[in-house]
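Written below as structure tokens is the structure these notes are about.
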Amino acid sequence: MRITPRDEDYARWYTDCIQKGELADYSPVRGCMVIRPHGFAVWERIREILDRHIKDTGHVNAYFPMFIPKSFLAKEAKHVEGFAMECAVVTHSGLEKTPEGDLAVCGKLEEELVVRPTSETIINHMFAKWVESYRDLPLLINQWANVVRWEMRTRLFLRTAEFLWQEGHTAHATPAEADEEARKMLEVYRRFAHETLALSVITGEKTEAERFAGADHTYTIEGMMQDRRALQAGTSHDLGQNFSRAFDIRFQNAEGELEYAWQTSWGVSTRLVGAVIMAHSDDKGLVLPPRIAPIHVVLIPIYRKDAEKERVLEAVTTIAQQLRDRDLSVEVDDRDHLKPGAKYYEWEKKGVPLRLEVGPRDLDKDQVFSARRDTGEKAPIPLAGLETSVTSLLDQIQADLLEKNRVFRETHTYPAETYADLRSVVEGEGGFVLARWCGNPDCETRIKEETKATIRCLPEDLPDDPGPCILCQSESVQRVIFSRAY
RNA sequence: CGGGGUGUGGCUCAGCUUGGCUAGAGCGCUGCGUUCGGGUCGCAGAGGUCGCAGGUUCGAAUCCUGUCACCCCGACCA
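Here the numbering used here is used: the first residue of the first sequence is 35, the next is one more, and so on.
Rendered as structure tokens:
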């Protein structure tokens, strides 16, 4: 029943929100979760909206197999190094009954198959067949799929052994075009995070140590959660020619010469659902931004006598229809065995942005009574023009959530001039630390080992600010963001 | 893999030290009634081979041995 408050145990609060909000449940398989209908509806809204943005930028969807020949993984050295240890591998094709009545594997495969941890290898194998001429480029493909990474330690939505995502894979004729593509998709992610998820993420480039296995450059969007830790919410990679060389993706250019293609890949996953929960929800449960809420408005009829019931239910039905005509998702909670208060608690746990109470007293005054999920603010709304009022109220909630998240991130972002300053933030209440870094991976590693803070990114749009490295004091050009992260 | 812990109705747990009535509680669930502007109340009811296997005993949730699973901390990690 009770949701553990955030200041008591943040990790418990997070899983309580998910389970009591009926987004997901643990499965019989370690590290894998069941996404329940309410949680899947959130993912579906994310998918619908982002899919539109991906298509609007010229990409098309396709589907590739989830099984990858083991030999493919070995073709790109850094890539295999990055993923080898967390691959699930299919070695057999069948089961047979043993004399003891158990089941034993049989039908050993000639070449073992890896369950995709990401699809660069198999997609680029196909790209090699499809790309012959510069006229075949750019090749702009996206797929919505599941992937498997056998993580040691998992958390609902944030890190699960199997997760759902979208992965874009592109091939281009020039390095400039590929880098432009990688940055363009990062911008698509940034806008999506801001406008749809109400997450005020920052953008920037990853350091070499934090880069995708096999990329030349990795760009990221990073959000700040309510415990002031960072969450990587999406990445976009400039792969250079690393995969095209490994998979022999060559094209003939206008001058008739053979060239390796320049590539990108980019993805966001069901982790976004976790980001939304961690960023917006409160001690009463989920708070979902209206744009991804499966239910925008819940209507609670209130009545005492049968005569009132008839009148109220009739009004509620009319109101629901008016709102649905404006493309709003409306739930009418006319369950008879629950008191209104019990219903309030339930829909608050599920994160419905707006609750409308409709009782005889309201109808006498030609109004309904509204309650915002995010602020708890309650106010009457006149029945006349209700659809417009509700729509703008939902827009207001969406905007307020983004603003709240932005202010929270900015108030917990601190410049640091000394290593002691950095440590006191990171090891204290947490947050983003803007500090100079010389570019030496040794400094980065030592800070990580000593403070558990990593460089989240080299932020974009930050003016050069020369000075001494926070650790080794040698000359550095700009500041980077340090933080503990999920 | 190292350290710690837990397995008992759907959920959270008590009972185990010191073996002994028909294995309990709260929540949830079902039915009837009552109630309905922030978690109503009453009555009746369903639901458990006490993780699994073996042993000790007249008798095991309880003691012993083995085994399996899960959780937490650490190592690991886009």
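We put the beta carbon where it would ideally sit given N, CA and C, even for glycine.
Own chain residues within Cβ distance below 7 Å of residue i, not counting five before or after
i: Ser127; result: Gly141, Leu143
i: Leu173; result: Phe161, Trp164, Val165, Thr204, Ala205
i: Lys486; result: Arg518
i: Ala280; result: Lys109, Glu110
i: Asp272; result: Ala212, Asp213, Ala216, Ala249, Asp250, His251, Thr298
Helix, strand or coil at residue i [DSSP, three-state]
i: Arg360; result: coil
i: Cys51; result: helix
i: Val514; result: strand
i: Gly385; result: coil
i: Ile349; result: What sits at residue 349 in the sequence shown is Ala, not Ile. Here Ala349 sits in helix by DSSP.
i: Tyr337; result: coil
i: Ile157; result: helix
i: Cys477; result: helix
i: Met67; result: strand
i: Ser303; result: strand
i: Trp296; result: strand
i: Lys486; result: coil
i: Lys377; result: helix
i: Gly73; result: helix
i: Pro414; result: strand
i: Arg369; result: coil
i: Arg407; result: coil
i: Gly308; result: helix
i: Glu451; result: coil
i: Glu509; result: strand
i: Glu82; result: helix
i: His330; result: coil
i: Tyr60; result: strand
i: Arg262; result: coil
Same chain, Cβ closer than 6 Å to residue i, neighbours up to 5 away in sequence not counted
i: Leu322; result: Gly385
i: His446; result: Arg262, Gly465
i: Leu84; result: Phe226
i: Ser404; result: Leu390, Ala413, Ile415
i: Arg573; result: A question about residue 573 goes unanswered here, because the residues of the chain that appear run from 35 up to 520.
i: Glu56; result: Arg70, His72
i: Arg284; result: Leu292, Tyr294
i: Gly268; result: Tyr223, Ile255, Val302
Chain-order list of residues whose beta-carbon lies under 8 Å from that of residue i (same chain, five-residue window excluded)
i: Asp59; result: Gln53, Met67, Val68, Arg70
i: Ala96; result: Ile175, Asn176, Gln177
i: Val94; result: Leu174, Ile175, Asn176
i: Ser153; result: Phe98, Ile102, Gln177, Ala179, Val181, Glu201, His203
i: Ala354; result: Leu333, Val364, Val366
i: Asp316; result: Arg40
i: Leu456; result: Ala450, Val467, Ala469, Ile481, Thr485, Ala487, Ile504, Phe516
With 16 other Cβ atoms within 10 Å as the buried cut-off, status of residue i
i: Asn176; result: buried
i: His371; result: exposed
i: Thr422; result: exposed
i: Trp381; result: buried
i: Met219; result: buried
i: Asn276; result: buried
i: Gln297; result: buried
i: Glu411; result: exposed
i: Arg395; result: exposed
i: Asp4; result: Past the boundaries of the shown model lies residue 4; the chain is included only from 35 to 520, so the question cannot be answered.
i: Ala108; result: exposed
i: Ala138; result: exposed
i: Val514; result: buried
i: Pro62; result: exposed
i: Leu171; result: buried
i: Thr132; result: exposed
i: Thr194; result: buried
i: Pro324; result: buried
i: Val123; result: exposed
Residue i CB to nearest heavy atom of the ligand MN below 8 Å
i: Ala295; result: Ligands displayed in this structure: none; no statement on the ligand MN is therefore possible.
Legend entry - Contained alpha helix (DSSP H) runs [length at least 4] in the stretch 416-447, N- to C-terminal order: 420-445
Inset, instruction - Count the C-beta pairs between the stretch 295-305 and the stretch 197-209 that are closer than 8 Å, then say yes if the count reaches three, no if not. - result: yes
Inset, instruction - Indicate whether the contact test is met: 3 or more Cβ pairs, each with one atom in the stretch 353-367 and one in the stretch 329-344, closer than 8 Å. - result: yes
Legend entry - Any 3 or more C-beta pairs closer than 8 Å across the stretch 279-297 and the stretch 35-49: no
Legend entry - Contact between the stretch 207-214 and the stretch 158-165 (3+ Cβ pairs under 8 Å): no
Inset, instruction - Decide if the stretch 488-495 is in contact with the stretch 237-252; the criterion is three or more beta carbon pairs, one per stretch, under 8 Å apart. - result: yes
Inset, instruction - Just list the beta strand (DSSP E) runs in the stretch 90-173, keeping only unbroken ones of 3 residues or longer that don't cross its boundaries, in chain order. - result: 101-103, 123-131, 137-149
Legend entry - contact_flag[the stretch 232-242, the stretch 432-451] where n(CB pairs < 8 Å) is 3 or more: yes
Legend entry - Runs of beta strand (DSSP E) wholly within the stretch 176-255 (minimum 3 residues, chain order): 196-206, 236-239
Legend entry - Stretch pair the stretch 503-512 + the stretch 470-477: three plus CB contacts closer than 8 Å: yes
Legend entry - Three or more C-beta pairs below 8 Å linking the stretch 248-261 and the stretch 440-459: yes
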